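Peer 1:
There are 2 protein chains.
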Amino acid sequence: MKNERQTEESQVEKFARYLQTNGMKFTKERRIILESAFATHRHFEVDDLLFQLRSNNKRVSKATIYRTLPLLVRSGLLREVHDDDKHTHYEHIYGHEHHDHLICLNCGKIIEFGNPIIESLQDEVCKQHEFTPVKHRYEILGYCRECVGKGHP
Amino acid sequence: MKNERQTEESQVEKFARYLQTNGMKFTKERRIILESAFATHRHFEVDDLLFQLRSNNKRVSKATIYRTLPLLVRSGLLREVHDDDKHTHYEHIYGHEHHDHLICLNCGKIIEFGNPIIESLQDEVCKQHEFTPVKHRYEILGYCRECVGKGHP
DNA sequence: TCTGAAATTGAGAAGCAATCGCAAAACAGG
DNA sequence: CCTGTTTTGCGATTGCTTCTCAATTTCAGA
Numbered sequence: 000m001k002n003e004r005q006t007e008e009s010q011v012e013k014f015a016r017y018l019q020t021n022g023m024k025f026t027k028e029r030r031i032i033l034e035s036a037f038a039t040h041r042h043f044e045v046d047d048l049l050f051q052l053r054s055n056n057k058r059v060s061k062a063t064i065y066r067t068l069p070l071l072v073r074s075g076l077l078r079e080v081h082d083d084d085k086h087t088h089y090e091h092i093y094g095h096e097h098h099d100h101l102i103c104l105n106c107g108k109i110i111e112f113g114n115p116i117i118e119s120l121q122d123e124v125c126k127q128h129e130f131t132p133v134k135h136r137y138e139i140l141g142y143c144r145e146c147v148g149k150g151h152p
Numbered sequence: 000m001k002n003e004r005q006t007e008e009s010q011v012e013k014f015a016r017y018l019q020t021n022g023m024k025f026t027k028e029r030r031i032i033l034e035s036a037f038a039t040h041r042h043f044e045v046d047d048l049l050f051q052l053r054s055n056n057k058r059v060s061k062a063t064i065y066r067t068l069p070l071l072v073r074s075g076l077l078r079e080v081h082d083d084d085k086h087t088h089y090e091h092i093y094g095h096e097h098h099d100h101l102i103c104l105n106c107g108k109i110i111e112f113g114n115p116i117i118e119s120l121q122d123e124v125c126k127q128h129e130f131t132p133v134k135h136r137y138e139i140l141g142y143c144r145e146c147v148g149k150g151h152p
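If you read the sequences in order, they're chains V and F. 51 is the number that numbering that gives the first Met the number 0 gives to position 52 of the first sequence; each next residue is one higher, with no gaps. 89 is the number that numbering that gives the first Met the number 0 gives to position 90 of the second sequence; each next residue is one higher, with no gaps.
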């Protein structure tokens with residue numbers, strides 16, 4: 000939670016800069032949410048944050064979390080991840096290399112993968128269609144080795 | 000709506016086969032929903048279907064639509080598409096080549112693209128991770144030429 | 001340090017897509 | 001025409017997310 004001091008500092012700075020640029024304030028609630036979001040090194044959803052905050056006796060309302068997470072996304076610190084689940088999940092992107100996901104439909108395990116060739120082909124596709132990409136969503140759903148071993152097709 | 004008679008017949012057959020295989024009945028409601036889903040050649044959502052049915056004086060309850068669309072997905076006739084919108088969209092896949100989407104964040108336009116090289120690289124990625132793919136979600140979000148021309152970044 | 005405009009928060013209400021429960025209806029096979 | 005099963009429709013319900021608005025906090029300038 001307190002390791003990687005340098006990058007953690009810059010996360011705070013980056014968020015602060017984003018907020019300031021847009022005439023918003025860096026409140027203590029937003030700081031708490033930022034810290035909590037980066038305390039885990041896994042994907043998380045709103046309820047995970049809420050639970051974690053309650054465990055640490057920090058009180059931030061659900062509404063504020065729902066309001067703050069999109070700010071963290073826009074500031075380039077988080078990214079939305081789409082399970083087949085209903086609700087939105089998030090993961091860190093700041094300080095992490097870009098990657099996409101293999102998601103197991105049985106156990107929910109998430110395997111990260113990155114493929115530069117795919118990325119460059121993607122850029123080419125966009126160029127062909129005169130399309131200016133902003134972000135993408137690339138998830139392969141299926142079954143991991145363990146679950147296939149257990150007979151899940 | 001009545002063109003492509005051959006493929007339309009096989010859609011019905013394919014759905015009928017799927018239902019029978021799973022001990023389900025091919026009711027007239029399910030047939031109406033199937034026909035309606037394939038009447039459009041665009042992406043659609045539940046409300047689109049409802050509106051269309053009402054316009055044609057066909058009465059199928061919302062619940063039945065919600066129950067039937069997943070069956071059409073499982074039978075291999077439809078595919079879910081994820082806008083950045085909240086609710087689920089669907090598109091035909093039966094009789095169409097596989098493709099993915101470029102989605103304009105401003106006007107919502109959807110451009111289809113298919114890239115065999117990306118597909119094969121994807122298979123390779125799965126092999127490397129001993130992952131058995133079932134389906135994927137690959138959407139590139141950004142701005143189309145027209146919207147960039149109009150100053151949308 | 002004090003002041004006031006502007007932004008933010010919290011708590012609950014509201015929205016809304018999707019799901020559920022159950023009685024009535026439709027089916028299929030005998 | 002019975003009989004057991006599946007399906008439908010309706011309304012109610014769920015569960016995530018957003019909204020409303022009064023109260024609070026923040027920050028720049030006095």
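Ideal Cβ placement from N, Cα and C applies to all residues, glycine included. Bear in mind the structure is a predicted one, so any value in this text is a computation, not a measurement.
Given a cut-off of 7 Å on the beta-carbon distance, is the pair asparagine 105 of chain V and histidine 42 of chain V in contact?
Peer 2: no
Peer 1: What are the residues that DSSP puts in a beta bridge with glycine 141 of chain F?
Peer 2: V:Pro132 and F:Cys103
Peer 1: Return the bridge partner residues of phenylalanine 112 of chain V from the DSSP annotation.
Peer 2: V:Asp99
Peer 1: Is there at least one Cβ from chain V nearer than 7 Å to threonine 87 of chain F's Cβ?
Peer 2: no
Peer 1: Specify, as a first and last residue, the run of the alpha helix (DSSP H) that valine 45 of chain V falls within.
Peer 2: 45–54
Peer 1: So if DSSP puts valine 80 of chain V in a beta bridge, which residue, or which two residues, is it bridged to?
Peer 2: Answer by DSSP bridge pairing, in chain order: V:His88.
Peer 1: Does the Cβ of serine 74 of chain F have 16 or more other Cβ atoms within 10 Å, making it buried, or fewer, making it exposed?
Peer 2: buried
Peer 1: Going along chain V, which residues have a C-beta under 7 Å from isoleucine 116 of chain F?
Peer 2: Leu120, listed in chain order.
Peer 1: Does the distance from the CB of phenylalanine 14 of chain V to the CB of leucine 101 of chain F come in under 7 Å?
Peer 2: no
Peer 1: Looking at C-beta atoms only, is the number of pairs between the region 36–50 of chain F and the region 80–93 of chain F that lie closer than 8 Å three or more?
Peer 2: Yes, since at least three Cβ pairs between the region 36–50 of chain F and the region 80–93 of chain F fall closer than 8 Å, the two stretches touch.
Peer 1: Are the CB atoms of isoleucine 110 of chain F and histidine 128 of chain V within a distance shorter than 7 Å?
Peer 2: yes
Peer 1: Going by C-alpha distance, which of F:Gly94, F:Cys146, F:Ser35 and F:Gly107 is nearest serine 54 of chain F?
Peer 2: Considering only alpha carbons, the answer is F:Ser35.
Peer 1: Could you tell me which chain F residues have their CB closer than 9 Å to the CB of proline 132 of chain V, listed as they occur along the chain?
Peer 2: Correct list: Leu101, Ile139, Leu140, Gly141 and Tyr142.
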